[in-house]
Every structure is written in C-alpha cells, then in structure tokens.
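Asks: Protein chains in written order, with the numbering used here: chain A, 1 to 108; chain B, 1001 to 1108.
Don't be surprised by glycine CBs; every beta carbon is placed ideally from N, CA and C.
Values in this document were obtained by computation on a predicted structure and should not be read as measured data.
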DNA sequence: GTTTTATATAGTAAAATCACTATATTCATC
DNA sequence: GATGAATATAGTGATTTTACTATATAAAAC
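#1: Cβ closer than 9 Å: which chain A residues qualify as neighbours of residue 1079 (chain B)?
#2: Rounded to a whole number of angstroms, what is the C-alpha to C-alpha distance between residue 51 (chain A) and residue 45 (chain A)?
#3: Roughly how far, in whole angstroms, is the beta-carbon of residue 20 (chain A) from the beta-carbon of residue 1024 (chain B), given that I think they are within contact range, below 8 Å?
#4: Rank B:1013, B:1035 and B:1017 by C-alpha distance to the C-alpha of residue 1069 (chain B) and give the top, closest one.
#5: With contact counted as at least three CB pairs below 8 Å, one residue from each stretch, are the segment 1058–1072 of chain B and the segment 1083–1103 of chain B in contact?
#6: What do you reckon, are the CB atoms on residue 12 (chain A) and residue 39 (chain A) nearer than 7 Å?
#7: Spell out whether any CB of chain B is found under 7 Å from the CB atom of residue 14 (chain A).
#8: By DSSP, does residue 1044 (chain B) sit in helix, in strand, or in coil?
#9: Is the beta carbon of residue 1087 (chain B) sitting closer than 7 Å to the one on residue 1032 (chain B)?
#10: If I'm right that residue 1014 (chain B) touches residue 26 (chain A) with Cβ under 8 Å, what's the distance once you round it to whole angstroms?
#11: Leaving out five residues on either side along the sequence, give the residues of the same chain with a beta carbon under 7 Å from the beta carbon of residue 99 (chain A).
#12: Could you name the residues of the same chain whose beta carbon sits closer than 7 Å to that of residue 5 (chain A), not counting the 5 residues immediately before and after it, in chain order?
#13: Roughly how many angstroms separate the alpha carbons of residue 75 (chain A) and residue 9 (chain A), rounded to a whole number?
#14: Between residue 1059 (chain B) and the ligand ADP, is the CB less than 6 Å from at least one heavy atom?
#15: Taking only beta-carbon positions, decide if residue 1064 (chain B) is within less than 7 Å of chain A.
#16: Under the three-state reduction of DSSP, which class applies to residue 1070 (chain B): helix, strand or coil?
#17: Is residue 1035 (chain B) close to chain A? Criterion is C-beta to C-beta, closer than 7 Å.
#18: Under a CB-based cut-off of 7 Å, is residue 1004 (chain B) close to chain A?
#19: Going by C-alpha distance, which of B:1101, B:1102 and B:1089 is nearest residue 1029 (chain B)?
#20: Going by Cα to Cα distance, which pick from A:95, A:105, A:96 and A:22 is closest to residue 60 (chain A)?
#21: Tell me residue 103 (chain A)'s beta-bridge partners as DSSP assigns them.
#22: Listed from N- to C-terminal order along the chain, which residues in the segment 41–69 of chain A have their beta-carbon within a distance smaller than 9 Å of any beta-carbon of chain B?
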C-alpha cells in the first residue's frame, strides 16, 4: 500500500475538472440543491429560486450536457432531476465543511 | 425533519462555488492530489508533474488566495500544503465516482 | 385557428480564465 | 558584491463564462 489513497487516473481528471467547474457557480449549486428534493420543472426553479427563466434554462442545458442532470418532457413541461448521486455527495462534503466553518474549526 | 438534508446557507454558497470552480481545472486537481502526499516545493510540483514553473506558481497563488492551500517559506523555497481536509474529501468523492464509472455503473 | 403558457435558443457585450513569455525578487554561495 | 537558484509577478492575447434581451418553438386551451 504505497502512494496516496485517491490516485485519480489522468483521463478521469479531465472529466472531474469539468464537473467541478460546472458546479462552481452559485446558481447551479442552488439548482442542484433544489433538485435533491426531487425532479422539478424549469418554471418551479425559475419561480422558487427567483432566477430569470432563460438563465435557468441555460444552466440546465450546461448541466445536462455535462451529465449532472437529466430531464424528461411531459407536454410543454420539462422535468429535470439529478443524474447521479455523485453530485449529492459533493454537496454533502460542502455541508460538512460549512458546519466546521460555523463551529469556528476552520476559517476562510 | 422536513426539507432536504444538506441545506447550504446562502452566504456559504458563494464560497462553495468559488472553491469548486477553483478546483475545476485539471492542473489544479493534479497539484492538490500531489499535495495529499504532504507538503511540496514549487520546484517539486514543476518537475514531477511536468508543468511550467510560472503556471505552477500561478495556480498556487489562486489556490492560496481561495483558502485551498497554505505555504511556509524556508530560504528561497516555498513549501505548499493543503489548507484543510475538505479538499481531500472532495477528491475522495471523485475517486468513488471514478470507480462507479469504471465498473460501468454510471456513464458520462 | 388564435392565444397562452412553458421552455428553448440566439445573439451579444462585459468579465473572467488561461497559457505563455518575459522579468523581477529574494536568498544562498562563492 | 557577483552569480546562480528558486520562486513570484507582470503583461498579453486567445478563449470561455456570464448575464442579459430578444425571439423561436411547441403544446394547451379556448
């Protein structure tokens, strides 16, 4: 058992970077967090998160292209949901981090 | 126990986004992964990861400004190390993800 | 078939990031 | 104090993001 534990493969680093970079936007974090609750329509996100509709569609398109969300269409409505649980894991990491921040254990 | 589990605070979302976005670069992921092994000088990163020295310094500066790494100086050498374990957690999330990718459980 | 509703797409200017080259700074050594 | 090594900083085009406005599309309702 020599070397480090994570040891991410070179090919994967490209994909990982893309995912992290994509998640690195406040609106998109909010959307992903909202989607943890279950699938939502564009309109729900637009109204409940108070973002302009084209912005929401744009973010969803980017996240869809990069495998973060998927969607199904029903009539004129598009239901978006998280594509996999990796995303939730990352947010959970951040939540943990927030707790440590709040408790004063770390500071930024 | 109503609502979702993570529930990240609005103020924190800005910081989280910044961290994720900063980590969302292949070179920086490589550097962070390398630093998991312990503190390294700029020259070590430069040579062992085969990146140009100013590029390395630039990435380290950005990550330093955003609380991802810290450094100490010893003579003309600068030793950089990870600022906290959140970063490792996130990489571990990605490693897990990679395994699921490799096993064919998910696809991107 | 006209109007509404829901969503996507196009276009665009401003801002941020990126990769690279050149140079400055700082410490150590002779 | 001159030289070399290690690292930081400056400057710069090219590319990517971002936020926004306007418009297109497609299904629903009347």
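Replies: Based on what the coordinates show:
#1: By 1-based counting over the second chain, the position of residue 1079 (chain B) is 79. Correct list: empty, because the minimum Cβ distance to chain A is about 18 Å.
#2: As a first step, residue 51 (chain A) must be located in the first chain, where it is residue number 51. As a first step, residue 45 (chain A) must be located in the first chain, where it is residue number 45. Answer to the nearest angstrom: the Cα atoms are 7 Å apart.
#3: Looking up residue 20 (chain A) in the first chain gives position 20. Looking up residue 1024 (chain B) in the second chain gives position 24. About 4 Å; that satisfies the 8 Å criterion.
#4: Translated into the one-based positions of the second chain, residue 1069 (chain B) becomes position 69. Answer by Cα proximity: B:1035.
#5: Output reads yes: the segment 1083–1103 of chain B touches the segment 1058–1072 of chain B.
#6: Position 12 of the first chain, counted from the first residue, corresponds to residue 12 (chain A). Position 39 of the first chain, counted from the first residue, corresponds to residue 39 (chain A). Taking a C-beta distance under 7 Å as the contact criterion, residue 12 (chain A) and residue 39 (chain A) do not qualify as a contact pair.
#7: Residue mapping note: residue 14 (chain A) aligns to position 14 of the first chain, counting from 1. At least one chain B Cβ lies under 7 Å of residue 14 (chain A).
#8: Residue mapping note: residue 1044 (chain B) aligns to position 44 of the second chain, counting from 1. It is helical.
#9: Locating residue 1087 (chain B) in the second chain gives position 87, counting from the first residue. Locating residue 1032 (chain B) in the second chain gives position 32, counting from the first residue. Yes, the Cβ-Cβ distance between residue 1087 (chain B) and residue 1032 (chain B) is below 7 Å.
#10: Within the second chain, residue 1014 (chain B) is the residue found at index 14, counting from 1. Within the first chain, residue 26 (chain A) is the residue found at index 26, counting from 1. Contact holds; Cβ gap of about 6 Å.
#11: Position 99 of the first chain, counting from 1, holds the residue named residue 99 (chain A). There are no such residues.
#12: Sequence index remark: in the first chain, residue 5 (chain A) carries index 5 (1-based). Since pLDDT at residue 5 (chain A) reaches only 46, below the 50 mark, its modelled position is unreliable, and no value is offered.
#13: What you label residue 75 (chain A) is simply residue 75 of the first chain in a count that begins at 1. What you label residue 9 (chain A) is simply residue 9 of the first chain in a count that begins at 1. When rounded, the distance between both Cα atoms is 42 Å.
#14: Of the ligands one can find in the structure shown there are none, so the ligand ADP has no counterpart to examine.
#15: The residue labelled residue 1064 (chain B) in the question sits at position 64 within the second chain. No, no contact with chain A.
#16: Within the second chain, numbered from 1, the residue matching residue 1070 (chain B) stands at position 70. Strand at residue 1070 (chain B).
#17: To locate residue 1035 (chain B), count along the second chain from 1; it is residue 35. For residue 1035 (chain B), the answer is no, since every Cβ of chain A falls outside 7 Å of its Cβ.
#18: On the second chain, position 4 is the one that residue 1004 (chain B) refers to. The predicted model places residue 1004 (chain B) with a pLDDT of 43, which falls under 50 and marks its position as unreliable; any figure quoted below should be read in that light. It does; some Cβ of chain A falls within 7 Å.
#19: Looking up residue 1029 (chain B) in the second chain gives position 29. Nearest of B:1101, B:1102 and B:1089 to residue 1029 (chain B), Cα basis: B:1089.
#20: Translated into positions along the first chain, residue 60 (chain A) becomes position 60. Selected option, being the one with the closest Cα: A:22.
#21: Looking up residue 103 (chain A) in the first chain gives position 103. Answer is none; residue 103 (chain A) lacks a bridge partner.
#22: Taking 9 Å as the Cβ-Cβ cut-off, the segment 41–69 of chain A approaches chain B at 66 and 67, given in chain order.
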